[in-house]
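Under the numbering used here, read the sequence shown as residues 1 to 57, first letter to last. Note that beta-carbon positions come from the ideal geometry of N, C-alpha and C, so glycine has one too. Have a look at the structure below before the remarks.
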Amino acid sequence: IIPSSTGAAKAVGKVLPALNGKLTGMSFRVPTIDVSVVDLTVRLEKGATYDEIKATI
1 IIPSSTGAAK
11 AVGKVLPALN
21 GKLTGMSFRV
31 PTIDVSVVDL
41 TVRLEKGATY
51 DEIKATI
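The structure is reproduced here in structure tokens:
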């Protein structure tokens, strides 16, 4: 696994201006043919259930 850079956070900010400057990103290069993963970690202002989060996203 090789750490790498990514422009994904900046791209999200361009598509969803409300999130501009609120995201950071990291990338890892893995020697496999086809792999994709997203690890989204958020800090919520108030409690929410898993179903409420899914409905919002």
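Of the listed residues the options, nearest to residue i (C-alpha basis)
| i | options | result |
| --- | --- | --- |
| ARG43 | ASP51, THR32, ALA55 and LYS22 | LYS22 |
| MET26 | VAL38, LYS46, ILE57 and LEU16 | VAL38 |
| SER5 | ALA18, THR24, PRO17 and VAL12 | THR24 |
| LYS10 | ILE1, ASN20, ASP51 and PRO31 | ASN20 |
| PHE28 | ILE2, SER36 and ALA55 | ILE2 |
Limits of the unbroken alpha helix (DSSP H) element including residue i
| i | result |
| --- | --- |
| ILE53 | 50 to 56 |
Output the residue ranges of the alpha helix (DSSP H) runs that lie fully inside the segment 3 to 30 and measure 4 residues or longer, sorted by chain position.
8 to 15
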